[in-house]
Amino acid sequence: MFEVFKNAWKIDDLRKKIIYTLMIILVFRVGSAIPVPFLDPSTLSQMLSANSGNLLGYLNMLTGGALSQATLLALSISPYITASIVIQLLTVAIPALEKMAKEGPEGQKKINKITRYSTVALALIQSYAYYVTLKNYKAVETFDAQWQNVLVVITIIMMFTAGAMVVMWLGERIDEKGIGNGISILLFAGIVAGGPSLVTRLWAYLQAAAAGETKYFFFIPALIIIFLLLIGFIVLMNDAERRIPVQYAKRVVGRKQYGGQSSHIPIKVSMAGVLPIIFASALLSIPATIEAFVTVESGSFWDGFFKLFSPGSWFYSILYFILIFAFSYFYVAIQYNPVEMANNLQKNNGTIPGIRPGRPTSDFISRIINKVTFIGAIFLAVVAMMPVIVGAVSGMNVTIGGTTIIIVVGVALETARSLESQMMMRHYKGFLE
1221 MFEVFKNAWK IDDLRKKIIY TLMIILVFRV GSAIPVPFLD PSTLSQMLSA NSGNLLGYLN
1281 MLTGGALSQA TLLALSISPY ITASIVIQLL TVAIPALEKM AKEGPEGQKK INKITRYSTV
1341 ALALIQSYAY YVTLKNYKAV ETFDAQWQNV LVVITIIMMF TAGAMVVMWL GERIDEKGIG
1401 NGISILLFAG IVAGGPSLVT RLWAYLQAAA AGETKYFFFI PALIIIFLLL IGFIVLMNDA
1461 ERRIPVQYAK RVVGRKQYGG QSSHIPIKVS MAGVLPIIFA SALLSIPATI EAFVTVESGS
1521 FWDGFFKLFS PGSWFYSILY FILIFAFSYF YVAIQYNPVE MANNLQKNNG TIPGIRPGRP
1581 TSDFISRIIN KVTFIGAIFL AVVAMMPVIV GAVSGMNVTI GGTTIIIVVG VALETARSLE
1641 SQMMMRHYKG FLE
């Protein structure tokens, strides 16, 4: 991967794109350090550190700590990602959007426009929700005059919303003039920005080990080894796929012969990507988020209920595992239609060797997809559960979530592939040379 970036830097055009992308990332990080007025960052930071298992703590991790510092880009790309997922799901459920998605580039432009408007709406909703949360924790500055308090509300909501729109615009600029994968690269940059805090916590555990907590001398090297093994496992599974062989029949049109070649249908093992983990994490973080807004007496029913959904409990781990499986099958079910795939093969005179066209083909494809989805769900569950297990065994709060590892590794591999394909296009000799 490093060799790809080294070779890309030697090409003048790609070097300009890389520099442009780095400058956009710099602007993104500067915006993540500009504070929003009328907010107390220290109170917000204490709130998030005390409730790291809820939805706000999860979003703070994705933003590289911008949310805990109450900065301009505190929302980061979360509204855009949510809007993209919602529109993608609605494309399957609403015929008009499905038809629009099949119209090619023009239809994609319309869907992108709808996604942008949805992002604005979600950013406004999230901004207001954050304002209410901050107000409940007394992190918002108040004034005696009512009109001044109204101005404070409008300022905070508008700045959070504007920050989300700026992040979306920066991502689109990377897609247009940079190396591509703009939103993913900004997400990558936000996660990597939290690396220094992880190193700081590891150093604190080393100091504790030197002070007498000798168990950390074993747990810290073990944590690093597990982290490296997880990266290798993700790289391996990210490229794994099941290829269904396809044979196209020969047909003669006039004096020309078409078809007769062999091909395959690739079914990726990690076809659902990181979405099942994101959905499962967001769903399980709801009880912890509710707990942050209410007062619960120790020993009461609700105290036991919320403890069941704490990240370190056995119930949380089992439910997390089950939800990852459920969302993996759900996402694949809305993305792949075996009947449509079988019909397309039949229209193009293609057959799977040993399988009759029509329903037998769709049943065969469905069985293959189910088996591959099961393996992919096991992969996601192992990656997601490993940090939870390591944290519970070691008692160290420095493990990186499975979502984070998959996002970082996946974006790095995808960016390397994008650069490699662009270099290949520039080195390809046309038929006139």
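Using the working numbering, you'd call the opening residue of the sequence shown number 1221 and step up by one each time. In this text, a Cβ means the ideal position worked out from N, Cα and C, and glycines have one as well. These numbers come from a predicted model, not from an experiment.
(message) What would DSSP say about phenylalanine 1225, mapped onto helix, strand or coil?
(response) If DSSP states are grouped into helix, strand and coil, phenylalanine 1225 belongs with the helices.
(message) Looking only at its chain, what residues have a beta carbon closer than 6 Å to the beta carbon of threonine 1302, apart from the 5 residues adjacent to it on each side?
(response) Within the same chain, Cβ atoms closer than 6 Å to the Cβ of threonine 1302 are found at Leu1342, the five residues on either side in sequence being excluded.
(request) Give me the Cα-Cα distance between serine 1533 and valine 1247, rounded to the nearest whole angstrom. (result) Taking the straight line joining both Cα atoms gives about 40 Å.
(request) Could you tell me which of Leu1317, Ile1297, Tyr1348 sits nearest to threonine 1339, measuring between CA atoms? (result) The option with the nearest alpha carbon to threonine 1339 is Ile1297.
(message) Let me confirm a value: alanine 1424 is counted as buried when at least 16 other C-beta atoms fall within 10 Å, else exposed. Which label applies?
(response) Answer is exposed; the Cβ neighbour count stays below 16.
(request) Run the CB neighbour count on asparagine 1356, radius 10 Å, all protein chains shown included, and call it buried at 16 or more, exposed below. (result) Exposure of asparagine 1356 is indicated by the presence of fewer than 16 other C-beta atoms within 10 angstroms of its C-beta.
(message) Helix, strand or coil, according to DSSP, for tyrosine 1468 in the structure here?
(response) Strand, per DSSP.
(request) Mind checking who valine 1360 pairs with in its DSSP beta bridge? (result) In DSSP, valine 1360 forms a bridge with Leu1259.
(request) With a 10 Å radius around its C-beta and 16 neighbouring C-beta atoms as the bar for buried, classify lysine 1567 as buried or exposed. (result) Lysine 1567 comes out exposed.
(message) Could you compute how far the alpha carbon of tryptophan 1495 sits from the alpha carbon of glycine 1327?
(response) This sequence places leucine at residue 1495; tryptophan is not what is there. So the two alpha carbons sit approximately 24 Å from each other.
(request) Could you check the C-alpha separation between isoleucine 1542 and leucine 1309 for me, to the nearest Å? (result) Isoleucine 1542 and leucine 1309 have their C-alpha atoms some 21 Å from each other.
(request) Using the Cα positions of valine 1256 and isoleucine 1625, report the straight-line distance between them to the nearest angstrom. (result) Cα-Cα distance, rounded: 30 Å.
(request) Could you have a look at lysine 1567 and say whether DSSP puts it in helix, strand or coil? (result) Correct three-state label for lysine 1567: helix.
(request) Going by CA-CA distance only, name the one from Glu1511, Ile1238, Gly1251, Ser1490 that's closest to phenylalanine 1547. (result) Phenylalanine 1547 has its Cα closest to that of Ser1490, out of Glu1511, Ile1238, Gly1251, Ser1490.
(request) Assuming phenylalanine 1225 and leucine 1639 form a contact by the criterion Cβ under 8 Å, report the distance between their Cβ atoms to the nearest whole angstrom. (result) With a Cβ gap of about 7 Å, phenylalanine 1225 and leucine 1639 count as contacting.
(request) Locate the alpha helix (DSSP H) running through lysine 1488, then write down its first and last residues. (result) Per DSSP, lysine 1488 lies in no alpha helix (DSSP H); the unbroken beta strand (DSSP E) holding it starts and ends at 1482-1488.
(message) With a threshold of 8 Å between beta carbons, is threonine 1283 in contact with chain C?
(response) This model lacks chain C altogether, as it is built from one protein chain only.
(message) Going by DSSP, what residue range makes up the alpha helix (DSSP H) through threonine 1241?
(response) For threonine 1241, the enclosing alpha helix (DSSP H) stretches over residues 1232-1251.
(message) Does the contact criterion of 3 or more C-beta pairs under 8 Å hold for the segment 1285-1299 versus the segment 1378-1398?
(response) Contact between the segment 1285-1299 and the segment 1378-1398 is present, because at least three Cβ pairs lie under 8 Å.
(request) Grab the span of the alpha helix (DSSP H) containing arginine 1576 for me, first residue to last. (result) Where arginine 1576 is concerned, there is no enclosing alpha helix (DSSP H), given that its DSSP letter is neither H nor E.
(message) Are the CB atoms of isoleucine 1411 and isoleucine 1572 within a distance shorter than 8 Å?
(response) Taking 8 Å as the Cβ cut-off, isoleucine 1572 and isoleucine 1411 do not qualify as a contacting pair.
(message) From the DSSP secondary-structure annotation, give me the bridge partner or partners of glutamate 1461.
(response) For glutamate 1461, which the question treats as bridged, DSSP gives the partners Lys1488.
(request) In angstroms with no decimal places, state the Cα-to-Cα distance between alanine 1321 and glutamine 1642. (result) Note on geometry: alpha-carbon atoms of alanine 1321 and glutamine 1642 lie some 26 Å from one another.
(request) Go ahead and pull the three-state DSSP assignment for threonine 1623. (result) DSSP places threonine 1623 in helix when its eight states are reduced to three.
(request) Helix, strand or coil for threonine 1291, going by three-state DSSP, please let me know. (result) It is a strand residue.
(message) What does the Cβ neighbour count give for tyrosine 1337, buried or exposed, with the cut at 16 atoms within 10 Å?
(response) Burial state of tyrosine 1337 is exposed, judged by a 10 Å Cβ sphere holding fewer than 16 other Cβ atoms.
(request) Could you give the DSSP three-state label for serine 1638: helix, strand or coil? (result) In this structure, serine 1638 counts as helix in the three-state DSSP scheme.
(message) DSSP three-state label for leucine 1652, please.
(response) Summary for leucine 1652: the model assigns pLDDT 43, below 50, so the residue's position carries little reliability, and this model does not support an answer.
(message) When you compare the CB positions of isoleucine 1244 and arginine 1393, do they come within less than 8 Å of one another, or not?
(response) Taking the C-beta atoms as reference points, arginine 1393 is found nearer than 8 Å to isoleucine 1244.
(message) What does the alpha-carbon distance come out to for the pair lysine 1237 and alanine 1228?
(response) If you take the alpha carbons of lysine 1237 and alanine 1228, they lie about 10 Å apart.
(request) May I have the straight-line CA-CA distance separating valine 1455 from valine 1629, to the nearest angstrom? (result) If I take the Cα positions, the gap works out to 7 Å.
(request) Select from Thr1335, Asn1569, Gly1285 the residue whose C-alpha is nearest the C-alpha of glutamine 1467. (result) Of Thr1335, Asn1569, Gly1285, the residue nearest in Cα terms is Asn1569.
(message) Suppose contacts are defined by Cβ-Cβ distances below 8 Å. Is leucine 1259 in contact with alanine 1349 by that definition?
(response) Alanine 1349 is positioned such that its CB atom lies no closer than 8 Å to that of leucine 1259.
(message) Are there any heavy atoms of the ligand FAD lying less than 7 Å away from the beta-carbon of isoleucine 1301, as far as the coordinates show?
(response) Annotation note on the ligand FAD: not contained in the displayed structure, which lists no ligands.
(request) Closer than 7 Å by C-beta to alanine 1492: which residues in its own chain qualify, once you throw out the five before and the five after it? Chain order, please. (result) Correct list, in chain order: Ser1548, Tyr1551, Val1552, Gly1596.
(request) State buried or exposed for isoleucine 1544, treating a residue as buried only when at least 16 other CB atoms are found within 10 Å of its CB. (result) Answer is buried; the Cβ neighbour count reaches 16.
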